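The structure under discussion appears below in the form of structure tokens.
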Amino acid sequence: MGNLHFDALAIGALVGFGSLLVIMAGITIWVVRKAYSTPSSGEGPDAQS
968 MGNLHFDALA IGALVGFGSL LVIMAGITIW VVRKAYSTPS SGEGPDAQS
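The working numbering runs 967 ahead of the 1-based position in the sequence shown.
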């Protein structure tokens, strides 16, 4: 295992792709929670009352 070589570009691509997946999952969860929340919950500054 002393001859393992990690390409910096490959590591950067993996980190970028992973962060993109995390961001997209977070946006998806936020949209789903906002869609299934009741309109009269009164949460957030843009609550319609």
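Don't be surprised by glycine CBs; every beta carbon is placed ideally from N, CA and C.
Keep in mind that this is a model prediction, so the values were computed, not measured.
Within the model, the alpha-carbon separation for I990 versus N970 is close to 34 Å. Under the three-state reduction of DSSP, S986 is assigned to helix.
Linking G985 to S1004 through their CA atoms gives a straight-line distance of about 28 Å.
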